[in-house]
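Asker: Numbered according to this note's numbering, the sequence shown spans residues 2 to 290. Virtual Cβ for every residue (Gly too), placed ideally from N, Cα, C. All values reported here derive from a predicted model rather than from experimental measurement.
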Amino acid sequence: MKADLHCHTVLSDGAMRVDQIIPYAKRIGLDYIAISDHESTHSIPEAVILGKELGVHAIPAVEANAWHEETQTNVHILCYYPIDTDRLQHSLSKDLKKLSDAVTKSYQSLMDEYPITMDQLYEVSKESTGVYYTHIMQVLSMMGYTGTPIGQLHNELFRAGGPHKFPYRYMDAKTVTDLLHSCGGVVVLAHPGQYKADNVMEMMIEEHMLDGIELNHPRNDEKTREHITSLCKEHDLFMTGGTDFHGLYTKTPYPLGSFLCPKEGLQRLILAGEQANKAFYEKHPKFKK
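#1: Between the alpha carbons of asparagine 200 and isoleucine 78, how many angstroms are there, rounded?
#2: Could you pull the start and end residues of the beta strand (DSSP E) that threonine 241 belongs to?
#3: Per DSSP, what kind of secondary structure is asparagine 156 in: helix, strand or coil?
#4: Would you decide whether glycine 248 is buried or exposed? Buried here means 16 or more other CB atoms lie within 10 Å of its CB.
#5: Determine the extent of the beta strand (DSSP E) in which alanine 4 is found, giving its start and end residues.
#6: Hey, is the region 194 to 209 in contact with the region 58 to 75, meaning 3+ C-beta pairs nearer than 8 Å?
#7: According to DSSP, is glycine 30 part of a helix, a strand, or is it coil?
#8: On the three-state DSSP scale, how would you describe alanine 184?
#9: Measure the Cβ-Cβ separation of tyrosine 81 and glycine 185 and say whether it is below 8 Å.
#10: CB lysine 27 to CB valine 49, shorter than 8 Å?
#11: Provide the residue span of the beta strand (DSSP E) that contains leucine 249, from first to last.
#12: Taking glycine 52 as the reference, which of Tyr25, Asn66, His43 has the closest Cα?
#13: Could you pull the start and end residues of the beta strand (DSSP E) that isoleucine 117 belongs to?
#14: Would the region 146 to 157 and the region 34 to 43 be scored as touching if the rule is three or more Cβ pairs under 8 Å?
#15: Within this structure, are the beta carbons of leucine 181 and cysteine 8 separated by less than 8 Å?
#16: Check whether the Cβ atoms of methionine 138 and isoleucine 151 sit closer than 8 Å, and answer yes or no.
#17: Identify the residues that DSSP records as bridge partners of threonine 74: which are they?
#18: Beta strand (DSSP E) containing glycine 213: first to last residue?
#19: Could you give the C-beta distance for asparagine 217 and leucine 190, rounded to a whole number, given that I count them as a contact under 8 Å?
#20: Buried or exposed, going by whether 16 or more other CB atoms sit within 10 Å of the CB of proline 282?
#21: Quick one, which of Asn221, Thr130, Gln153, Gly162 has its alpha-carbon nearest threonine 244's?
#22: Please go through the region 85 to 111 and give each complete alpha helix (DSSP H) segment of 4 or more residues, from N-terminal end onward.
#23: Classify alanine 174: buried if its beta carbon has 16 or more other beta carbons within 10 angstroms, exposed otherwise.
#24: Count the other C-beta atoms from every protein chain shown that fall within 10 angstroms of the C-beta of phenylalanine 246, then say buried if there are 16 or more, exposed otherwise.
#25: Please state if the CB of glycine 213 and the CB of leucine 238 are separated by a distance shorter than 8 Å.
#26: Please classify alanine 62: does DSSP put it in a helix, a strand, or coil?
Encoded structure:
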């Protein structure tokens with residue numbers, strides 16, 4: 002069974018719509034896909050319905066950003082099979098607003114250097130649930146200032162501490178993982194190879210935040226993969242995988258399906274989802290989705 006469990010749409014910072022990605026998944030022979038937009042559960046209904054029509058299992062998912070205080074790390078956390086998406090979205094929308102406000106400030110700071118307008122930003126982000134740095138780069142690309150939306154210019158403009166980068170703080174990681182679990186979801190740490198702090202995985206495991214860890218991902222090198230495998234075996238966590246597909250909004254091209262979830266990891270994720278959903282409904286017998 003082929004499963005790509007990490008991708009993004011125009012609802013966050015991806016380039017394709019849900020009704021483009023699900024048929025794409027079908028054409029390349031994926032059996033399972035998870036659209037995991039940043040701080041947005043809005044893709045879930047359409048993805049599930051269209052997936053059923055086309056014979057692709059669309060696993061409900063979302064990717065939440067969080068701040069891990071102990072390691073001073075902004076971590077990305079994947080949640081699969083959430084039930085109470087209304088309550089979840091209500092909380093995630095607060096962080097999404099922080100991001101959108103910061104990105105809008107970045108854009109406004111660039112208006113003195115580039116002949117860009119706010120209307121252009123609104124136009125390119127109108128299908129999204131927020132405003133992302135990719136939207137700024139889309140405007141600059143259309144104006145001819147770069148041919149690579151995620152590349153050198155992006156890095157120069159939005160480097161940490163730079164004049165066009167405005168700080169903001171996401172929710173605490175434990176708060177986020179508790180929220181995801183309480184909404185009936187299964188929690189997986191995304192792309193550990195991206196984080197500078199070497200002990201993020203160990204710390205989050207010790208704090209009982211995780212059900213699994215993303216093994217197969219473009220940013221996980223062989224050393225990181227070996228570390229993940231060792232930790233998951235030691236702590237009985239499952240391992241997932243996904244391309245982190247954004248379409249053209251990526252520094253290195255990776256088509257959908259480039260990185261897949263291990264078969265055993267997929268089976269354990271599905272089982273964990275069933276168990277988490279069952280526990281949720283037992284705790285909330287009157288809940289109606």
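Answerer: Taking the geometry as given:
#1: 16 Å
#2: 239 to 242
#3: helix
#4: buried
#5: 4 to 8
#6: yes
#7: coil
#8: The amino acid occupying residue 184 in the given sequence is cysteine; alanine does not appear at that position. In this structure, cysteine 184 counts as coil in the three-state DSSP scheme.
#9: no
#10: no
#11: Per DSSP, leucine 249 belongs to no beta strand (DSSP E) and is neither H nor E.
#12: Tyr25
#13: Here isoleucine 117 belongs to no beta strand (DSSP E), and DSSP marks it neither H nor E.
#14: no
#15: no
#16: yes
#17: His69
#18: 213 to 217
#19: No, asparagine 217 and leucine 190 are not in contact; Cβ-Cβ is about 13 Å, not under 8 Å.
#20: A small fix is needed here, since residue 282 is tyrosine in this sequence, not proline. It is exposed - the Cβ of tyrosine 282 has fewer than 16 other Cβ atoms within 10 Å.
#21: Asn221
#22: 86 to 111
#23: buried
#24: buried
#25: yes
#26: strand
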